[in-house]
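Enquirer: Same order as they appear, the protein sequences are chains A and B. Quick note on numbering: the first sequence equals residues 0 to 279 in numbering that gives the first Met the number 0. Quick note on numbering: the second sequence equals residues 0 to 273 in numbering that gives the first Met the number 0.
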Amino acid sequence: MALIEFADFSFKYLGADSLALKRIKLIIDEGEYVVLTGPSGCGKTTFCRAINALVPQFHRGYVAGNVYTDGKNTRENEVATFASVAGLVFQNPENQLVTLDVEKEIAFGPENLGVAPAEIRRRVEELIELLDLEELREKHPHEMSGGEQQRVAIAATLALKPKVLVADEPTSNLDPKSAETILEIFAHLNKRGMAVVLVEHRLDLVARDASRIILMNKGRIVADGNPREILAMDLCEEIGVGVPKATQVYKRLRTRGVDLRNVPLTGVELAELVQEATSQ
Amino acid sequence: MIILEDVHYTYDGIYTALQGISLQVDDGERLAVIGANGAGKTTMIKHMNGLLRPQEGRVILDGQDTKFMSVAEIAREVGLVFQNPDHQLFLDSVKKEVEFGLRNIGFTENEAEQRRQKTLASLGLEGLAERSPFTLSGGERKRVALASVLSTEPRFLALDEPTIGQDAHQKNRLAQMLAEMNKRGRTVVVVTHDIEFVIENFPRTVAMAEGQIIADGSTNMVLSNDEVIERCSLAPPQMTLAARAIRNVFPEVGQRLTLLSELEETIMGILGGA
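1. Where do the ends of the alpha helix (DSSP H) carrying A:D203 lie?
2. I want to verify the contact list: residues of chain B whose CB lies under 8 Å from the CB of A:E137, in sequence order.
3. Is there a C-beta anywhere in chain B that falls below 7 Å from the one on A:D203?
4. Taking the alpha-carbon positions, what's the A:L234 to A:L157 distance?
5. Which whole-angstrom value is the C-beta distance of B:R183 and B:S121, which I expect to be below 8 Å?
6. Residues bridged to A:I213 by DSSP?
7. Take B:D159 as the anchor and find which of A:P92, A:E137, A:A206, A:L173 has the nearest alpha-carbon.
8. For A:P263, I'd like the list of residues in its chain whose CB is within less than 7 Å of its CB, leaving aside the five on either flank, ordered along the chain.
9. In three-state DSSP terms, what is B:M275?
10. Between the region 252 to 273 of chain A and chain B, which residues of the former have CB atoms less than 8 Å from a CB of the latter, in chain order?
11. Using only the heavy atoms of the ligand ATP, determine whether one of them is closer than 6 Å to the beta carbon of B:F67.
12. Here's the rule: buried if 16 or more other CB atoms are within 10 angstroms of the residue's CB, otherwise exposed. What is A:A194?
13. For a test of the three-state rule: what should DSSP assign to A:I184, helix, strand or coil?
14. In chain D, which residues lie with their C-beta within 7 Å of the C-beta of A:G145?
15. Measuring straight from C-alpha to C-alpha, what distance separates A:V99 and B:P84?
16. Go ahead and pull the three-state DSSP assignment for B:Q165.
17. What residues from chain A crowd round B:M238, counting only those whose CB sits closer than 7 Å?
18. By alpha-carbon positions, which one of A:G192, A:A209, A:F89, A:K21 ends up nearest to A:A63?
19. Using a cut-off of 7 Å between C-beta atoms, extract the partners of B:H168 located in chain A.
20. Taking its Cβ as the centre, do 16 or more other Cβ atoms sit within 10 Å of B:E98, making it buried, or is it exposed?
21. Taking Cβ positions only, does B:A16 come closer than 7 Å to chain A?
22. In chain order, what residues of the same chain have a beta carbon less than 7 Å from the beta carbon of A:L48, not counting five sequence neighbours either side?
23. Which residues in the same chain as B:C231 place their Cβ atom closer than 6 Å to its Cβ, once the five residues preceding and following it in sequence are excluded?
24. Reducing DSSP to helix, strand and coil, say where B:D85 ends up.
25. Can you tell me where the alpha helix (DSSP H) holding A:Q95 begins and where it ends?
26. Starting from B:L262, find everything on chain A with Cβ-Cβ shorter than 7 Å and list it in chain order.
27. Quick check: what's the CA-CA separation for A:T68 versus A:K217?
28. Please state whether DSSP places A:G256 in a helix, a strand or coil.
29. Nearest by alpha-carbon distance to A:R121: which of A:G145, A:Q95, A:H141, A:L159 is it?
30. May I ask which residues mark the beginning and end of the alpha helix (DSSP H) holding A:N111?
31. Check whether the region 128 to 136 of chain A and the region 101 to 108 of chain A are in contact - that is, three or more C-beta pairs closer than 8 Å.
32. Whose C-beta lies closer than 8 Å to the C-beta of A:R136 among residues of the same chain, with five residues either side of it excluded?
33. With a threshold of 7 Å between beta-carbons, can A:S171 be considered close to chain B, or not?
34. From this set, A:E4, A:V257, A:G30, which residue's C-alpha is nearest A:K190's C-alpha?
35. Once you ignore the five residues that flank B:K141 on each side, which residues in its own chain have a CB closer than 8 Å to its CB?
36. Counting contacts by CB-CB distance shorter than 7 Å, is B:Q211 in contact with chain A?
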């Protein structure tokens, strides 16, 4: 069964003059790592909100078509139903943290869903280990760095045992090293079987982890496929997608008649392909 | 000219953010400030426009100690755009938001409208003038916050993480706008983690760690220092990684490569000779 299905779904916010999402049709299966990208204002955040029913139930407006998350229609089931299916992580972790310490923060969601205390304790310990939060146990969230806060926010989201982690530019306020830590966590979670939907502009950082890239522009999906195939398209430059530098070099070489065997996503891959081309 | 002289600042008497910052920013410079989260970058630029006052040391703006100036007086010269646009935006339309600052510093209604239109167009916001900032996307809100300050074209621009949430086109537009203002004599200081944006647009870079300046010089020099990259929690630019990997196989390739076009030519050279 599809984990997420957009069935010809359109949405317009109250008071807006154009549709934020236009006739979106797509399926995301279990275990996928989807990177969603496209120009600023193209509908990426609305897409994320539609997965867990925040659109159209919290953010209201004109709706056509349906979204099914874990088989349930997001128009017909309460928002709370989706909290344990699709976990959302946002850009500003400080807006997401509600309690005063790490353990309480992780326990907060499952407590609200009435999970048994012994089970909550087990999840808290497991997540503290998984996200390397041991040192933060005694820290107040406001004494934590942005990267630390984001790790706590992710742990709190995972405590509800979602099937898909939906993250809307989770690293854009972080320094590159903290960003890398967060992205390593996502890649690790994905390897353990969790589906990931990540909104990101900086494809340099994420293209190599993704199994699929979806390009949006003006509320529509304009390309959808494997990262190398999508990033090699000229459409990326046309709509302003930040193509990884190594891929840009590949494309420039291509216009000068040099065809490397594959599309590189990182500097090291580019170097390997150049070496391969010289040894033929 | 802005001079920071041995500036110290501690939040709530507990958390030391700046421990002796000395820095001179000349008129017409383009300067990038880099550093890990918590290095003190934001605290430092808040001192440039008087939002924070040094607890020790001095901030001197055009020869005048800012201790004797009001925030309003300083803000007329130094425009600051916050990292989080939601800390800055408060009106119910993009148009009002941008015209507010312009009217405030004395532009007539007509002038304010013209400047607002021009700035919104330069930042790709022209269709959104009547919208409430709170209905816009994160990247758009960020550009509205930028527009409200850039439209006033203060002599000094201090921008905290201006590229967050911006796609490649918007980043280029912003870079172009800053370059034009710089040509007209404006001084531009940005705080950023976006190392590619720095390489492409800022000739001078200041690196901070733990409330101190650990490097200050040409961007090329500062960013080719591995210790700086490490202490600022930066990842080496992809071009540098590619150049290193290529150099491992083709040692004849030169030591310093950062620009995409340089790498392109190097590879053409290697393959042409093969």
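Even for Gly, the Cβ is constructed at its ideal location relative to N, Cα and C. Bear in mind the structure is a predicted one, so any value in this text is a computation, not a measurement.
Expert: In brief:
1. Counted from its first residue, the first sequence places residue 203 of chain A at position 204. Run containing A:D203: 202 to 205, per the alpha helix (DSSP H) assignment.
2. As a first step, residue 137 of chain A is located in the first sequence; it is residue number 138 there, counting from the start. Within 8 Å Cβ-Cβ: nothing; A:E137 doesn't reach chain B, min ~16 Å.
3. Position 204 of the first sequence holds residue 203 of chain A. Judged by the 7 Å Cβ criterion, A:D203 is in contact with chain B.
4. In the first sequence, counting from the first residue as 1, residue 234 of chain A sits at position 235. In the first sequence, counting from the first residue as 1, residue 157 of chain A sits at position 158. If you take the alpha carbons of A:L234 and A:L157, they lie about 35 Å apart.
5. The sequence position of residue 183 of chain B within the second sequence is 184, counting from 1. The sequence position of residue 121 of chain B within the second sequence is 122, counting from 1. So it is not a contact: roughly 13 Å between Cβ atoms.
6. By one-based count along the first sequence, residue 213 of chain A stands at place 214. Its beta-bridge partners are A:L35, A:D223.
7. Looking up residue 159 of chain B in the second sequence gives position 160. The shortest Cα separation from B:D159 among A:P92, A:E137, A:A206, A:L173 belongs to A:L173.
8. The residue you call residue 263 of chain A lines up with position 264 of the first sequence. The answer, listed in chain order, is A245, T246, Y249, L269, L272.
9. Residue 275 of chain B is absent from the structure shown; chain B starts at 0 and stops at 273.
10. L252, R255, V257, T265, G266, V267, L269, A270, E271, V273
11. Only the bare structure without any ligand can be found here, which leaves the ligand ATP out of the picture.
12. For this step, residue 194 of chain A is matched to residue 195 along the first sequence. Classification for A:A194: buried.
13. Stepping through the first sequence from its first residue, residue 184 of chain A is reached at position 185. Note: A:I184 maps to helix in three-state DSSP.
14. Absent from the structure: chain D. Protein chains present are A and B.
15. Here residue 99 of chain A refers to the residue found at position 100 of the first sequence. Here residue 84 of chain B refers to the residue found at position 85 of the second sequence. Here residue 99 of chain A is Leu; the residue named in the question, Val, does not match the sequence. Distance between the alpha carbons of A:L99 and B:P84: 26 Å.
16. If you number the second sequence from 1, residue 165 of chain B lands on position 166. In this structure, B:Q165 counts as coil in the three-state DSSP scheme.
17. Position 239 of the second sequence, counting from 1, holds the residue named residue 238 of chain B. Chain A residues near B:M238: K244, G266.
18. Taking the first residue of the first sequence as position 1, residue 63 of chain A is located at position 64. Nearest C-alpha to A:A63: A:K21.
19. Within the second sequence, the letter at position 169 stands for residue 168 of chain B. By Cβ distance, chain A contributes P38, G239.
20. By one-based count along the second sequence, residue 98 of chain B stands at place 99. Result: buried.
21. Translated into positions along the second sequence, residue 16 of chain B becomes position 17. It does not; no Cβ of chain A falls within 7 Å.
22. Taking the first sequence and counting its residues from 1, the one referred to as residue 48 of chain A is at position 49. Looking at the sequence itself, residue 48 of chain A is Arg, so the reference to Leu does not match. If we look at A:R48 and ignore the five residues flanking it on each side, its Cβ neighbours are V54, H58.
23. The residue given as residue 231 of chain B occupies position 232 in the second sequence. I33, G34, A35, A206, listed in sequence order.
24. Locating residue 85 of chain B in the second sequence gives position 86, where the first residue counts as 1. B:D85: helix per DSSP, three-state reduction.
25. Within the first sequence, the letter at position 96 stands for residue 95 of chain A. Careful: A:Q95 lies outside any alpha helix (DSSP H) and carries neither H nor E.
26. Locating residue 262 of chain B in the second sequence gives position 263, where the first residue counts as 1. Under the 7 Å cutoff, chain A gives V248.
27. In the first sequence, counting from the first residue as 1, residue 68 of chain A sits at position 69. In the first sequence, counting from the first residue as 1, residue 217 of chain A sits at position 218. Rounded to whole angstroms, A:T68 to A:K217 spans 23 Å at the Cα level.
28. Against the first sequence, residue 256 of chain A aligns to sequence position 257. Correct three-state label for A:G256: coil.
29. The count along the first sequence starts at 1 and reaches residue 121 of chain A at position 122. That would be A:L159, whose Cα lies nearest to the Cα of A:R121.
30. Taking the first sequence and counting its residues from 1, the one referred to as residue 111 of chain A is at position 112. Unbroken alpha helix (DSSP H) run through A:N111: 101 to 111.
31. yes
32. Start at 1 with the first residue of the first sequence, and residue 136 of chain A comes out as number 137. So the qualifying residues of the chain are D100, V101, E102, I127.
33. Position 172 of the first sequence, counted from the start, is the residue given in the question as residue 171 of chain A. Judged by the 7 Å Cβ criterion, A:S171 is in contact with chain B.
34. For the purposes of this step, residue 190 of chain A is taken as residue 191 along the first sequence, with counting starting at 1. Minimum Cα distance to A:K190 is reached at A:G30.
35. The count along the second sequence starts at 1 and reaches residue 141 of chain B at position 142. Around B:K141: P84, P161, I163, G164, Q165.
36. Position 212 of the second sequence holds residue 211 of chain B. No, B:Q211 does not count as interfacial toward chain A.
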